[in-house]
Amino acid sequence: MTALLEIEGLCVDYGIGEDAVHAVVGADLVLHPGEVLGLAGESGSGKSTLAYAAIRLLRAPGIITGGEVRYHPASGQTVDLLAADEEQLRSLRWSQIAVVLQSAMNALNPVLQIGVQLIDVLRAHRPGMSKAAERDRAAELVTMVGIPADRLASYPHELSGGMRQRVMIAMALALEPRIIIMDEPTTALDVVTQREILEELMALRQRLDFAVLFITHDLSLLVEVADSIAVMYAGRLVERASARGLFSAPRHPYSLGLLSSFPPLHGEHRHMTGIPGSPPDLRALPSGCVFHPRCRYAMDRCRTESPPPLRLDGAGGRQAACWLQDGVTPTPPELAAAEPGYGDAPAAQTAGSQL
Amino acid sequence: MTEPAAPGATAAAPAGTPLLEARELTKHFVVHHKGRNRRTEARRARRVPSDHHAGEEQPAEPGLPPAPPEDQRERPVVHAVEQVSVSLPAGGITAVVGESGSGKSTLARLLARLIVPTSGQILLDGHAVPASSRGRRGYARDVQLVLQDPFSSLNPIHDVYYHLSRPLLVHHMARRGPELDQAIASLLQRVALTPPDQFMHKYPHELSGGQRQRVAIARALAVRPRVLLADEPVSMLDVSIRLGVLNLLAGLRADDKLSILYITHDIASARYLADSIMVMYAGQVVENGPAATVTDEPAHPYTTLLLSAAPDPDRAAPPALAGRGAPPSLVTPPSGCRFHPRCPHAMAVCAHRTPPAFEVTAGHQSACWLHTGGLSAAESHPLAGRADGLVPSPSAPAPGKEP
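Chains A and B, in that order, are what the protein sequence lines are. Using this note's numbering, the first residue of the first sequence is number 2, and each one after it goes up by one. Using this note's numbering, the first residue of the second sequence is number 1270, and each one after it goes up by one.
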């Protein structure tokens, strides 16, 4: 499958010189057409920074210090997004790559009716449209996300949180982009509304065939909606796997810890521990592997050497940045469970244990 | 640990009395800006034909709402909490689960006596709280509240020492000097902020979210309360540290026999932490029972809906959402059962009679007409306009009896 968006070795700093905070360090990601790629991580892990840097929406003092981002349009030449000029970016943004922001209340203009805001997008990017066509398209868009068309005359404050978020999705879809970046699209919503919006989103994806980069801190939700998942910790991608593979056979201790931070809805009550400690301060990162102070498998090597992303057997270009997966160090059984649907995970046979 | 000198406490309570009990608490908030509200209502009314969301809220029922007090008559009210009874046993954790706007935080504020109930009673050790300022202070010492957002509940210009010293000094729990230092150090130790010297003189901005919430919990523990009202204590925290705070609460219950009301929107964490779960919808309790029973065998359609919407990685297939729509307006709540406009099992009776709490099994109640056997054919007829043709009876467990 050809990639839609390729991110390679992306590095982002906040500030310059010695005080610079390395918010994203050497991130590699590939988004395929029609795929839902989940980007999971805690606040401050750099997941939003990574996405915004990749589409050049990063604000000062954020600076891209290295790496490559390539976008492959349906026809024509590959675009190097980091080298593209404003004109090129303008032609890509919204019509090819759109963004749904977390806080719809802040993203929508409170003094304009939502219909006006939707039509504004169409006017800016599709100058030739007639007024009637603009109105029809706006009505079609809101109907698509489950809002009655007469709500176009409403102001944002007259809509519920879920409806506002739906309007944001409708706006992102206005120009039929191929990629939608969703930054915590449902975090501020109630579970039932969240589920309804996700259902609609997945149905729309089937119909309109766009790829989604889904940024969230809720790994348990991601396991359900995403095809593949990348887990970030302190600016680094620590694991990349298919959603099922990550859930049933995590390879990085941080992923394992995150997964066991969500109390289950079924089964026997058992004591859970989560992850001890708290996320590191990016201004004073620990040496070696950034996760080692919170890792219960930490070895001497972890304190001094930072593990590179290691290619592993598994679906979806599996990777983990952990010395336990280097093929030499014995892997604890809980980090070597067999990946379902992927037969020959060699570590699984030696471990012979399931999570 | 028992409270040494709580006025009117521990001594007289007969065995079996819940530590903190609320009986039929009701809170109505008066809606101001009457004129503007009328205009909005009028505009909504014009939209009704094509807007089903607003349409559901429309019918004004003659039976509801209950008549407000004399001076508030004619003014619209928000029915935030309606006839809610809670009983917190000593050393027990009760979870209140619901969506935003279900009245769960209002309930916490009522129990903390930060707001005055419209009607209903709050009993500590079986006694009503005296109205004297001494009585109120004693109550405040016994019942402490921990708020959701540790970023705004701590004052940024004061350090941890100051935050923890305030309750100790105000309630005369310690005297300035080494005694106060000692008390603060032991509080920090109890919430696992160790070594205490390292945290004592830090400012909120120097702490992570989880550490701040621990300071907020330590502040509540300073006056040696017997009841802790925790209003979404972990929802603002990072996923990896939530469990640490939940385990801290569980430890406090085990060590100090602290009684905890855990308010949350996350039913999975309620199942993890609590002994019993109360599910609230639109200001009313719809289901109440042991935690594992409520999550494993939900008896109210709203609980089923919540469970079907909750993220669950164990699920093999995408979940089928057991109901649609959004919570109703609490200014003009639906007649009968407040959940009936969204309920896939709604029957004729649901639209005009509010269901009482039916006992499903011992200690497990559900306010749903599906749990009574005594409905006539007309009453149990599926409500017109229901989304599907579901027949309600097979899904209903054995007919319960009225409590």
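All C-beta atoms, glycine included, are put in the ideal place defined by N, C-alpha and C.
A contact is defined here as three or more CB-CB pairs under 8 Å, and the region 227 to 246 of chain A meets this definition with respect to the region 45 to 58 of chain A. Under the three-state reduction of DSSP output, His1640(B) falls in the helix class. By alpha-carbon distance to Gly1372(B), the top candidate from Cys1619(B), Pro1597(B), His1640(B) and Ile1529(B) is Pro1597(B). Ranked by Cα distance from Leu1652(B), the options Asp1394(B), Gly1479(B), His1348(B) and Cys1606(B) are led by Cys1606(B). One alpha carbon belongs to Pro1399(B), the other to Arg1405(B), and they sit about 7 Å apart.
For His1534(B), the chain A residues whose Cβ falls inside 8 Å of its Cβ are Asp191 and Val192, in order along the chain. In the three-state reduction of the DSSP assignment, Glu9(A) falls in the strand class, which pools E and B. Beta-bridge annotation (DSSP): Asn1557(B) is paired with Met1547(B) and Gln1634(B).
Segment contact: the region 179 to 192 of chain A against the region 127 to 143 of chain A, fewer than three CB-CB distances shorter than 8 Å; contact not assigned. Taking 7 Å as the threshold, the shortest C-beta distance from Ala1579(B) to chain A falls below it. Taken in chain order, the unbroken stretches of alpha helix (DSSP H) that lie wholly in the region 69 to 118 of chain A and span 4 residues or more are 87 to 93 and 105 to 108. The continuous beta strand (DSSP E) containing Ile230(A) extends over residues Ser229 to Tyr234. With contacts defined as CB atoms closer than 7 Å, Glu1290(B) and Leu1392(B) qualify as a contacting pair. Residue-level contact check: Val1460(B) does not touch chain A, since none of the beta carbons of chain A fall below 7 Å from its beta carbon.
Nearest to His1621(B) by alpha-carbon distance, out of Asp1544(B), Arg1403(B) and Cys1637(B), is Cys1637(B). Counting other Cβ atoms within 10 Å of its Cβ, Ser1645(B) stays below 16 and is therefore classed as exposed. Among the residues facing chain B, Met273(A) is included, as its CB has a counterpart in that chain under 7 Å away. Taking 4 residues as the shortest admissible run, the region 1357 to 1382 of chain B contains the following complete alpha helix (DSSP H) segments, listed from N- to C-terminal end: 1373 to 1380. Val1353(B) is positioned such that its CB atom lies closer than 7 Å to that of Val1554(B). Short of 6 Å from the beta carbon of Leu40(A), and not among the five residues preceding or following it, lie these beta carbons of its own chain, in chain order: Lys48, Ile216 and Ala231. Bounds of the alpha helix (DSSP H) holding Gln1451(B) are Pro1447 to Arg1459. Here the alpha carbon of Glu240(A) sits roughly 48 Å from the alpha carbon of His1640(B). What Tyr1550(B) touches in chain A, judged by beta-carbon distance under 8 Å, is nothing: the nearest beta carbon there is about 11 Å away.
The three-state secondary structure of Arg60(A), taken from DSSP, is coil.
When secondary structure is reduced to three states using DSSP, Ile65(A) falls in the strand class.
Classified as exposed, Ser1421(B) has fewer than 16 neighbouring CB atoms from the shown chains inside 10 Å of its CB.
Restricting attention to alpha helix (DSSP H) runs no shorter than 4 residues, the region 1565 to 1602 of chain B encloses them at 1570 to 1578, ordered along the chain.
The CB of Gly258(A) comes closer than 8 Å to the CB of Ser1509 in chain B, given here in chain order. Between the region 200 to 212 of chain A and the region 102 to 122 of chain A there are fewer than three inter-stretch CB-CB distances shorter than 8 Å, so the stretches are not counted as touching.
A contact is defined here as three or more CB-CB pairs under 8 Å, and the region 1383 to 1390 of chain B fails this definition with respect to the region 1566 to 1575 of chain B.
By the Cβ rule, the region 245 to 265 of chain A counts as touching the region 1509 to 1528 of chain B, because three or more pairs are nearer than 8 Å.
Taking 7 Å as the threshold, the shortest C-beta distance from Pro1582(B) to chain A falls below it. About 6 Å separates the Cβ atoms of Leu311(A) and Ala321(A), confirming a contact at the 8 Å cut-off. Remark: C-beta atoms of Leu1414(B) and Ala1381(B) approach each other more closely than 7 Å. Per the Cβ contact rule, the region 59 to 75 of chain A is in contact with the region 4 to 15 of chain A (3 or more Cβ pairs under 8 Å). Residues of chain B whose Cβ lies closer than 7 Å to the Cβ of Phe248(A) are, in chain order, Pro1582.
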